[in-house]
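In the UniProt record's numbering, the protein residues as written are 1 to 405.
Glycine included, every Cβ here is placed at the ideal spot set by N, Cα and C.
These figures come from a predicted structure and were not determined experimentally.
Heads up: the structure comes next, in structure tokens.
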Ligand code: SF4
Ligand code: SF4
């Protein structure tokens, strides 16, 4: 990772209004659109329409949507579906209790200073496949209020468990280890063709395996762990708190190393870890001028305005100051496209690093102290995330150097 000591830090990365309430999974776009399409409560029913258009484009021989393109995506997604299917609490391999660790390990705590435990956990996360890792003190506002049916309740004591009526997370699980895996930027760059879905699917498969491995490691160290993919708590604000990046206009996290071309996941734990600090590398100022994602979004789901204090959109989490995205319109485009979309990630300059053409596209540039994207591009090149052949041309995005998986 680029050392966060080379960036400014923020104490309060979010402005949260009085009306804020924990968000239910049932208000997410995937569930909302599934319900509107079929009348059924679930996460995947919206896929029916997408698959119909996938089949149509395949039969018509549409370039980028052929059967072999979709087959490559299906293989990339297999581990994701087997491990946790994008993430449901206590589901499949995302178990909230020990799976393979013998009691001789799980019943005995490794007691070390928090700084040592933090170093060990971050190293383990890297070995298991994380490209970025940070620690956040768990802010309960970011824990979903309920999953599809059962509420997620924060309890004063006890163990993490699922009962007949609820999911129970003890307040002692007060740390989130937040991780990112980088997606293949070249694949993402083909969006909305199926090759970009494949880059996303590989990201999901890798994040599931890494979350489960890290949870078992923590249990073998004698502590409790809840492995999560998209489930249980909102990954983006946790990642902001853990110093992995900043929220951008496109509604997702922008990291200094890979821009928005990452997938996020986390493990909640009671291991006493040292939290990281949120970073400020100029994303909000840059996004105010840039607008590229909003201009290129095929469904007009991204705002051209300044960040808003709240939103009345059905699928958004209101009373947090940010750029709100129209999740339903976005997903309707995925259905029409016959595959997922990542065009906002593909056009974001933080995915690629500075190119001089962007100076013409940032038509309202108000930069006073140097362009944030240029500063970030220098840092990425310095720390081995980009290769710059000729300054001002599109740099080459280097593949992450992974220790393990
Ligand atoms: S994924 Fe595609 S449709 Fe959705 S917001 Fe991004 S660019 Fe728009
Ligand atoms: S494309 Fe531009 S406006 Fe959109 S998130 Fe990236 S930097 Fe921000």
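Tell me the residue span of the alpha helix (DSSP H) that contains residue 85.
No alpha helix (DSSP H) contains residue 85, which DSSP labels as neither H nor E.
Would you kindly work out how many angstroms separate the C-alpha atoms of residue 331 and residue 53, rounded to a whole number?
Distance between the alpha carbons of residue 331 and residue 53 is about 13 Å.
Is residue 379 helix, strand or coil by DSSP?
Here residue 379 sits in helix by DSSP.
At what residues does the beta strand (DSSP E) containing residue 133 begin and finish?
Start and end: 132-137.
Touching or not, the segment 83-96 and the segment 195-211, by the rule of three or more beta carbon pairs under 8 Å?
At 8 Å Cβ cutoff, the stretches touch.
With a threshold of 8 Å between beta carbons, is residue 94 in contact with chain D?
In the structure shown, chain D cannot be found, because there is only a single protein chain.
What are the residues that DSSP puts in a beta bridge with residue 23?
In DSSP, residue 23 forms no bridge with anything.
CA-CA distance, residue 180 and residue 335?
The alpha-carbon atoms of residue 180 and residue 335 are separated by roughly 26 Å.
Give the range of the beta strand (DSSP E) segment to which residue 167 is assigned.
First-last of the beta strand (DSSP E) with residue 167: 167-170.
Quick check on the DSSP output: what are the complete beta strand (DSSP E) runs of length 3 or more inside the segment 169-232, in order along the chain?
Whole beta strand (DSSP E) segments, 3+ residues: 175-182, 225-228.
Given this structure, state the Cα-to-Cα distance separating residue 40 from residue 32, to the nearest angstrom.
The alpha-carbon atoms of residue 40 and residue 32 are separated by roughly 10 Å.
For residue 298, is the beta carbon positioned less than 7 Å from some heavy atom of ligand 1?
For ligand 1, at least one heavy atom lies less than 7 Å from the Cβ of residue 298.
If you drop the 5 nearest sequence neighbours on each side, which residues of the same chain put their C-beta closer than 8 Å to that of residue 173?
Excluding positions up to five away in sequence, the list reads 138, 160, 224, 226, 268, 269, 270.
Might you give, ordered along the chain, the residues of its own chain that have their beta carbon closer than 7 Å to the beta carbon of residue 409, omitting 5 neighbours on each side?
Since the displayed the chain opens at 1 and closes at 405, residue 409 lies outside it and no answer follows.
With respect to 7 Å, is the separation between the Cβ of residue 198 and the closest non-hydrogen atom of ligand 1 below this value?
Incorrect: residue 198 has no Cβ contact closer than 7 Å to ligand 1.
Give me whichever residues DSSP pairs with residue 280 in a beta bridge.
DSSP lists 8 as partners of residue 280.
Just to check, is the beta-carbon of residue 41 closer than 7 Å to a non-hydrogen atom of ligand 1?
Checking the Cβ of residue 41 against ligand 1 gives no.
Any idea what DSSP makes of residue 150, helix, strand or coil?
Residue 150 falls in the coil class under three-state DSSP.
Consult DSSP for residue 437 and reduce its assignment to one of helix, strand or coil.
Since the first residue of the chain shown is 1 and the last is 405, residue 437 is not available in this structure.
Starting from residue 122 and walking both ways along the alpha helix (DSSP H), at which residues does that stretch end?
Per DSSP, residue 122 belongs to the alpha helix (DSSP H) from 114-128.
Whose CA, out of 233, 195, 22, 5, lies closest to the CA of residue 74?
The shortest Cα separation from residue 74 among 233, 195, 22, 5 belongs to 195.
How close, in whole Å, do the beta carbons of residue 263 and residue 189 come, if the pair is a contact with beta carbons under 8 Å?
Going by Cβ atoms, the distance from residue 263 to residue 189 rounds to 16 Å, so no, they are not a contact pair.
Between residue 167 and residue 152, is the Cβ-Cβ spacing less than 8 Å?
The answer is yes: Cβ separation under 8 Å.
I need the boundaries of the alpha helix (DSSP H) containing residue 267, first residue and last residue.
Where residue 267 is concerned, there is no enclosing alpha helix (DSSP H), although the beta strand (DSSP E) it sits in stretches over 262-269.
Which residues end up in the neighbourhood of ligand 2 when you take C-beta atoms closer than 5 Å to any of its heavy atoms?
Those residues, listed in chain order, are 248, 249, 250, 287, 290, 292, 293, 348.
In chain order, what residues of the same chain have a beta carbon less than 7 Å from the beta carbon of residue 347, not counting five sequence neighbours either side?
Result list for residue 347: 292, 293, 296, in chain order.
Given that a residue counts as buried once 16 or more other Cβ atoms are within 10 Å of its Cβ, and exposed if not, what is residue 237?
When all chains shown are included, residue 237 counts as buried.
For residue 391, which beta-bridge partners are listed by DSSP?
393, per the DSSP bridge assignment.
Any chance the CB of residue 30 is under 7 Å from a heavy atom of ligand 1?
No, the beta carbon of residue 30 sits no closer than 7 Å to any heavy atom of ligand 1.
Please determine whether the Cβ atom of residue 341 lies at a distance below 7 Å from any heavy atom of ligand 1.
For ligand 1, at least one heavy atom lies less than 7 Å from the Cβ of residue 341.
Taking DSSP as the reference, what is the three-state secondary structure of residue 72?
Here residue 72 sits in helix by DSSP.
Taking residue 237 as part of the alpha helix (DSSP H), name the residues at either end of that continuous run.
235-241 is the span of the alpha helix (DSSP H), which, as asked, contains residue 237.
State buried or exposed for residue 95, treating a residue as buried only when at least 16 other CB atoms are found within 10 Å of its CB.
Classification of residue 95: buried, given that the 10 Å Cβ count is 16 or more.
Any idea if residue 103 is buried or exposed, counting beta-carbon neighbours within 10 angstroms, 16 or more meaning buried?
Residue 103 should be labelled exposed.
Cα separation between residue 277 and residue 131?
Looking at the two C-alpha atoms, the distance is approximately 18 Å.
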